[in-house]
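Right, one structure below, let's go through it.
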Amino acid sequence: MAEGQTPPSTDTGGYCKARKRLPERLLLRFVKKTGQQSHAQSEPEFLWCGRRVAVFDGSSLTMADTEKNQAKYPQPKSQAKGCGFPAGRIVLGFSLSTGAVLDAVISSLSVGEVNLFRHLYPNLHAGDVALGDRIFGSYADICGLRDCGVDSAFRMHGARKTDFRKGKRLARWDHIVEWKKPKQCPKGLCAKLFDQLPPRILLREVRFHIPIKGFRTENVTLVTTLLDPKVYTRIDLAQLYRLRWQAEIDIKHLKTTMAMEHLPSKTPQMVRKDFYVHLLAYNLIRTVQLEASRQHCVDPLSLSFCATIQHFSTFTCLLAHATEEQRAYEYTQLIFLVST
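Just remember that this note's numbering sits 79 ahead of the position in the sequence shown, which is counted from 1.
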C-alpha cells in the first residue's frame, strides 16, 4: 500500500488450498536437510570429544478435536469421550552441538517411543553418537545403532542389574561387560530383526553421582559402546549425560515458545504438515544462531532462542524492503545482535 499497490485480499481460501497441495514428504525432507547441514557444520570446539552427538527424546501434543483426528490420533483412554483432544506421540532427534532437529516422527499414543525411535536412527551418519534416556537403551537398539556405524550412550534401564565386580575393571564404577542377547523377542521388534542380532556384545557400564541441592544424591549408571577409557573418560561420559537435558529444552522451545503444543489443523494430513513446518521454522532459527556463533566465536547453545526470534521478527520487514546493499548490512546487524 505504501508503494501505491492494491491491498491484498482478506480471503484466505487460496492460502488454504495451497497448504493442501504442499507435499508432506517435501516438508520432512526440508527439516532433515536443514538439520543435517547444521549438524555437519558444527565447529570442532563445540563438539563432545570431537564427536557429533544426536540426542533423542519423546513428548506428545494435542490437535483440533475433529472426527478425522480422533480416528487417527485418539485421545488418551483415561479421558472421557468428548472431554479431551486428539493426541499424538512424537520422538525427535536433535544435534547436541547446534540444537537443530535432525529427524522426527509423529504417531498415535498407541505406538511407544521406542518403536518410533527405531524409525529415526537408520538416518544417522556413521561416526555419530546417539544419546538418550533409559527407554532407548535396549540390547536390540544398541545393536541396531552399531550396525549403522553409530555409537550410543544411554542411561541403564532400571530392570537391569549392574555388578561392578564382574567384567573387565577399568576404574571404580567403570567396567566392560558382556551383554547377552535376550531369550525372547522384545515387544515391537519384528522376529526377523531379532534373529539377526548378535548373540553377545561388549559394552561399557559407568556409574557416577549427581548431587542435587536439597535432595538425596542420585546415582546414574550409563551404558555405552564407547569402550576406550583413555579417549572417553568417566568424567567425559558424565558430562555427556548431563547434556542430555538439552533435548528437554529444545522440545520446550518447540512446544511453548513456538506454540506447537496444540496444533489447530483439522485433518491428520494437515496436522503432520503443521508439525513439520514448526520443525522447519525452528531449524531456520537455529541456522541463524549457528551463523552468529561462527562469526562471533560463541557456543550456539549459549544464545537465547527467544531473543533470536524477537530479533529476527524485528528485522523481517527491514530485510524485505531493503536494497541488496542495505540487506547485507541489516543481516550483519542481525547476526551481531543474535550473538550478544
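Here a beta-carbon is modelled for each residue, glycine too, at the ideal position from N, C-alpha and C. All values reported here derive from a predicted model rather than from experimental measurement.
Proximity of residue i and residue j at Cβ, strictly below 8 Å
i, j, result
"Y355", "L333", "no"
"R313", "D253", "yes"
"T304", "R286", "no"
"F420", "L369", "What the structure shows of the chain is the stretch from 80 to 419, and residue 420 is not part of that stretch, so it cannot be assessed."
"K260", "L276", "yes"
"F233", "F215", "yes"
"L106", "K352", "yes"
"I255", "L281", "yes"
"R131", "D207", "yes"
"F384", "T335", "no"
"F62", "L382", "Outside the displayed span of the chain (80 to 419) sits residue 62, for which this structure offers no information."
"A250", "P308", "yes"
"L319", "W127", "yes"
Buried or exposed by the 16-neighbour rule on C-beta atoms within 10 Å, applied to residue i
i, result
"K112", "exposed"
"T177", "buried"
"R283", "buried"
"R168", "buried"
"Q389", "exposed"
"I289", "exposed"
"G211", "buried"
"N148", "buried"
"R248", "exposed"
"H118", "buried"
"P278", "exposed"
"P86", "exposed"
"S157", "exposed"
"Y94", "exposed"
"F415", "exposed"
"Q115", "buried"
"S231", "buried"
"L425", "Past the boundaries of the shown model lies residue 425; the chain is included only from 80 to 419, so the question cannot be answered."
"H375", "exposed"
"H357", "buried"
Close Cβ partners of residue i (< 7 Å) along its chain, the five nearest in sequence each way excluded
i, result
"G267", "G191, V193 and N194"
"D329", "F173 and G178"
"L380", "G178 and Q325"
"N298", "R286 and H288"
"L203", "A133, A209, C227 and V229"
Own chain, CB closer than 6 Å to residue i, minus 5 neighbours either side, in chain order
i, result
"V170", "G137, V184, E192, L195 and F196"
"Y408", "none"
"V350", "M142, L342 and S344"
"L398", "R406 and E409"
Same chain, Cβ closer than 8 Å to residue i, five either side skipped, listed in chain order
i, result
"V377", "A371 and S418"
"G129", "P123"
"S217", "V193, H236 and P265"
"E340", "L140, T141 and K334"
Supposed contact pair residue j and residue i - C-beta distance, whole angstroms, cut 8 Å
i, j, result
"D144", "F164", "5 Å"
"V180", "Y200", "That pair is no contact at about 15 Å."
"K151", "S121", "Incorrect: roughly 36 Å between the Cβ atoms, too far for contact."
"A219", "F273", "7 Å"
"S189", "A166", "No, S189 and A166 are not in contact; Cβ-Cβ is about 11 Å, not under 8 Å."
"V367", "T395", "Rounded, the Cβ-Cβ distance is 12 Å, inconsistent with contact."
8 Å Cβ cutoff, residue i in contact with chain D
i, result
"E124", "Among the chains in the structure shown there is no chain D, since it carries only a single protein chain."
Of all the beta strand (DSSP E) runs that stay within the bounds of the region 242–311, which reach a length of 3 or more residues?
Segments of the beta strand (DSSP E) lying fully in the region 242–311: 247–250, 253–259, 279–289 and 297–303.
Extract the residue ranges of the alpha helix (DSSP H) inside the region 100–177, only unbroken runs of 4 or more that lie entirely within it.
Complete alpha helix (DSSP H) runs here, min 4: 103–119 and 146–151.
Runs of 4 residues minimum, wholly inside the region 176–225: which ones carry the alpha helix (DSSP H) assignment?
DSSP runs (the alpha helix (DSSP H)) wholly in the region 176–225: 192–196.
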